[in-house]
Amino acid sequence: MAQAIFIILSLFTLGCALVVVTNRNLFHSALYLAFVFIGVAGLYFMLQAEFFAGIQVLIYVGAILTLIIFAIMLSRDLMNPNVRGFNRQWWAAAIVAGLLFLALAVVLVRAPWPAAPTGEPSPAFIAELGQALVSPAYVLPFEVVSILLLAALVGSILIARER
Amino acid sequence: MLNLTWLIPVFPFLSFVLIVLFTNPNKKLSSGIAIGSVAVSWVLSWGVFFQSIAGHIGMGEEAFRLHVPWLPTGTEWFPMGVNVDPLSAIMLFMVPFVCLMIFIYSVGYMHGDPRYSRFFAYISLFACGMLGLVVADNLLMLFIFWEIMGLCSYLLIGFWFEKPSAMKAGLKAFLTTRVGDAFMLAGMLLLYSQTGELTFAHIFAPETLEKLAHTQVNLGFLGSLPWASLLAMLIFGGAVGKSAQFPLHVWLPDAMEGPTPVSALIHAATMVSAGVYLVARCFPLFTAVEAGPQLGLVAFIGAFTALFASTIAVAQDDIKRVLAYSTISQLGYMIAALGIGAYVAAVFHLITHAFFKALLFLGSGSVIHGSGTQDMMEMGGLRKHMPITFATFLVGTFALAGVPPFAGFWSKDEILADAFHQFTELGAASWPFFVWLFLTLAAFLTAFYMGRQIFLTFYGESRRPHAHAHESPKSMTYPLIVLAVFAALLGFAGVPEEFPVLGHLLGNPFHHFVGHGFPATPLNGLVMLISVAMALGGLFVAWLVYGRNPLKEGQPDPLIQALGPVYTVLRRKYYFDELYQATFIRLALWLSEVCFAFDNKWVVDPLVNLAGKAGVALSNLGGWFDRTFVDGAVNGVAAVVGWMGGALRQTQTGRVQNYLLAAALAVFVLLVISVVV
Amino acid sequence: MVPLSWYLIVAAALFCIGLYGVLARRNAIGILMAVELMLNAVNINLLAFWRYLTPAHMTGQVFALVVLAVAAAEAAVGLALIVAIYRTRDTVNVEEVDLMKL
């Protein structure tokens, strides 16, 4: 039962991802990207990382995708049929990507992973996550990420503002 | 004074060096230096001469010797030095004095010549050569000075080198004497190889001569000879060349192209007598073998030349040529005398001949200077215009002709007496008879042609009335007078002791000094009468032909008609020059053509050119190889690098997506490797 | 039960699809979208490993969170750059933005 859901979800996600990378129309690519994000969120649900699923939809679809659509709108050149969407090495890229996937697949299948999860996540998951973030173990990355976000914020405003 | 003998040749040599290097522009200084140096040598020589008489020095072992080790030859040193014995002492008496007279004469004769200084340099070098030859103590040193004189002879004969005849004459003299010198050198080398010595004192030691006389040398089909005979004949070859004996006599008449002082000095008094001196010096070698061919050869050539040359002299018109042939003839006398063993007579005649022949040549020079021509047919009546020259020339003529009591009579008569005495002992079929006969006939002819010369030159009317003859300056006449005194009186040094009155009075000092050890020739009244008759008879016949009715202008020589075709043969010198030209000279020229062709056309030059071309071809090959392979390799490497660069440049697209593709590919490869390996 | 390897394979596939997009798209925004795909694949990987191997620890979560935050920041800056370039060059074609190439 779970496997069936998983398979459907995966195929959906991967299909949309393929459309994202192959569609000539950039706007359509962006919308299909939204579906990819939602599919990934679904996968997170199956992994019992509900918090993350929510965060994923919130941030990726809500913020990043919006940003992407804004950028697309701001750069009008999205419907020009004369410009080809793909460069001259697309076939080499396809081959390399395919080969890489095959190699990775082989490695991953052969590796002795445990077939079943080895434990359960704790019920007070979010509280623990919050405490972990400010605990001595992870407070530094947390703070650095904040600074990073601040820098990104300031930087992108600086770069993109009108002269 | 004897210890200073070695200085005698040095002074003239210094004079030569000084004139050549420094004083050439200053004419007076040059001649002054030359005359001064010869004067010093003369004083030294007479000092040596008188000291050697007083000191009774002898020949061979008893001679005075002074030598230094000079040339290192293997284990020993070859010495060079001076040797004074009666022969060289008597030569030292004559040579520098005659040289001095001629040097003084040359001041007047060569006056105005543009190469005046050079002339004195050359005759100084020549004087050095002759003096060195006379005092040399070994054959090598003698040969060196012999060759110096040969060089000076060449330079002086061709002194007026603008005249092609003079240049040719110089070359002829040098090359002809070279033929003789080649024989002499061969003789010297063989002598050295047989005995290991060239010093006179050693090679004429009795043991050496014994050895040379008794060992035979095999000459193949010519039979075998004692070494002494062969060596003597080879050395005699040098004398034949230098003293202008038959068959190498052809150069001396042509040598008259040189200035007259040269003719007097070199070709009368000194150089040509060097050949006679050589044979006299090597006399022990010649007499080492009792009955060998060498003395016969010497006697034959001497006597034959004496008669042969005097016949030619009869038909010559050039005043100097007559004297040249006369010199050849008189040298023949000396050589013949040596050939029959009359050593003392030969040396005596050598000395007296030097004086009166030098006198005659200088006199002829005075005549030429005064009258302006050398052809006797154009002279005449000079007796009135040139009295001093005439008087001295007459003295010389009498001396040469053998009229008593002049010097020539005594010396010539001694030779004839010696020959006569020997052939009365040996019979008519012997060399002495042949010698006596030929020399007596030659005496007649000598008197005849000298008389002819006197009458044609000095008597009668001038055949060139428009030319004004004048006497020569004092610098020329004073030497003539001095030499005439000697020509007149020197004979008395050699009067045989058996001669009535004079003999006892004078005591034949010459024989005692030079001929110490040789028996004195017995006096023979018959021979003396015959030789006087020949002399006076010849002069009388000359007077008959030329003196009684002196020739007028344009009148031909009466002898031409009298002798007919014989006259032509005599005048053309028996066609010897033509004979030599057709044979030896043509052969030599042909050989030189062959050698030239070998060298330039067929062998040497083509080989050299071939080597050159081979070198060029080789270098072309090397160049091609270098260009094709080496350059090719280098260029090839560069091309490969360039191509690779061009190829690899394609990867640097500047596009990030291409780089990322490469990175992804690399990741894949690494993954595979890490899984598989 | 869904084996771990299935999740990982899905993540790998998503990653490779994203890789293809990065390598082959001309449009800068398209490339950026592909990059987001790759980052999502990474996140899936992280969370799958967290769930199956160490569900009790927070490390996996924190890591995934950081990745998410970084992805967001990067997307913002990247898009700002693209907009800025569009303003001056009037193009979003990466092949035309080659001033640095010789």
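Chains as they are written, first to last, in this note's numbering: chain A, 3 to 165; chain X, 5 to 681; chain L, 421 to 522.
Just so it is clear, CB atoms sit at the ideal spot from N, CA and C, and this is done for glycine as well.
Under 8 Å from the C-beta of residue i: neighbouring residues of chain X
i, result
"Q91/A", "Q661, N662 and L665"
"A105/A", "F672, L675, V676 and V679"
"L439/L", "A668"
"E516/L", "Correct list: empty, because the minimum Cβ distance to chain X is about 11 Å."
"L102/A", "A668, V671, F672 and L675"
"V98/A", "L665, A668, L669 and F672"
Residue i - DSSP class collapsed to helix/strand/coil
i, result
"L223/X", "coil"
"N463/L", "helix"
"W115/A", "coil"
"R467/X", "coil"
"S34/X", "helix"
"V244/X", "helix"
"P554/X", "coil"
"N639/X", "helix"
"P83/X", "strand"
"L70/X", "strand"
"S41/X", "helix"
"T203/X", "strand"
"D321/X", "coil"
"P513/X", "helix"
"A303/X", "helix"
"T15/A", "helix"
"N25/A", "coil"
Beta-carbon proximity list for residue i, same chain, < 6 Å, skipping 5 on both sides
i, result
"S466/X", "G384 and G385"
"V59/A", "A43"
"S49/X", "I12, L96 and P100"
"I372/X", "Q378"
"W164/X", "A170"
Residues near residue i by beta carbon distance below 7 Å, same chain, minus five either side
i, result
"A447/X", "G406, K416, S535, M538 and A539"
"G41/A", "L11, F14, T15 and C18"
"P123/A", "Q50"
Beta-carbon neighbours of residue i, restricted to chain L and to distances below 8 Å
i, result
"I74/A", "I449"
"V111/A", "S425 and I429"
Exposed unless 16 or more other CB atoms sit within 10 angstroms - verdict on residue i
i, result
"A643/X", "exposed"
"V138/X", "buried"
"M421/L", "exposed"
"N2/X", "Chain X is shown only over 5 to 681; residue 2/X falls outside these bounds and no answer can be derived."
"G227/X", "exposed"
"L2/X", "Absent from the model: residue 2/X. The displayed extent of chain X is 5 to 681, so no value can be given."
"S92/X", "buried"
"G112/X", "buried"
"Q249/X", "buried"
"F287/X", "buried"
"W470/L", "buried"
"Q585/X", "exposed"
"M380/X", "buried"
"K478/X", "exposed"
"Q457/X", "buried"
Partner residues on chain L for residue i, Cβ-Cβ distance less than 9 Å
i, result
"V147/A", "L485, V486, A489, V490 and A493"
Residues of its chain near residue i, where Cβ-Cβ distance is below 8 Å and the 5 sequence neighbours each way are ignored
i, result
"V442/L", "I451, A454, V455 and M458"
Interface partners of residue i on chain X, CB under 7 Å
i, result
"A94/A", "L665"
"E456/L", "Neighbours of E456/L on chain X: none; closest Cβ ~16 Å, over 7 Å."
Neighbouring residues, chain X, relative to residue i (Cβ below 9 Å)
i, result
"L443/L", "Q661, N662, L664, L665 and A668"
Residues that residue i contacts on chain L, provided the C-beta gap is smaller than 7 Å
i, result
"A154/A", "A493, A496 and V497"
Contact set between residue i and chain A, taken where Cβ atoms lie within less than 7 Å
i, result
"M478/L", "E130, L131 and A134"
"L501/L", "I161"
- Item | the region 303-312 of chain X touching the region 110-130 of chain X, judged by at least three CB pairs closer than 8 Å | no
- Item | Given 8 Å, three or more beta-carbon pairs between the region 73-89 of chain X and the region 132-151 of chain X | yes
- Report yes or no: do the region 480-493 of chain X and the region 413-429 of chain X share at least 3 C-beta pairs separated by less than 8 Å? no
- Task: Report yes or no: do three or more beta-carbon pairs, one from the region 144-155 of chain X and one from the region 294-303 of chain X, lie closer than 8 Å?
- Result: no
- Task: Could you tell me whether the region 324-341 of chain X touches the region 246-266 of chain X, using the rule of 3 or more Cβ pairs below 8 Å?
- Result: yes
- Counting pairs of beta carbons, one from the region 228-248 of chain X and one from the region 273-291 of chain X, are three or more of them closer than 8 Å? yes
- Evaluate the contact criterion for the region 255-274 of chain X versus the region 356-370 of chain X: three or more CB pairs, one atom per stretch, below 8 Å. yes
- Would you call the region 19-39 of chain X and the region 68-77 of chain X touching, i.e. three or more CB-CB distances under 8 Å? no
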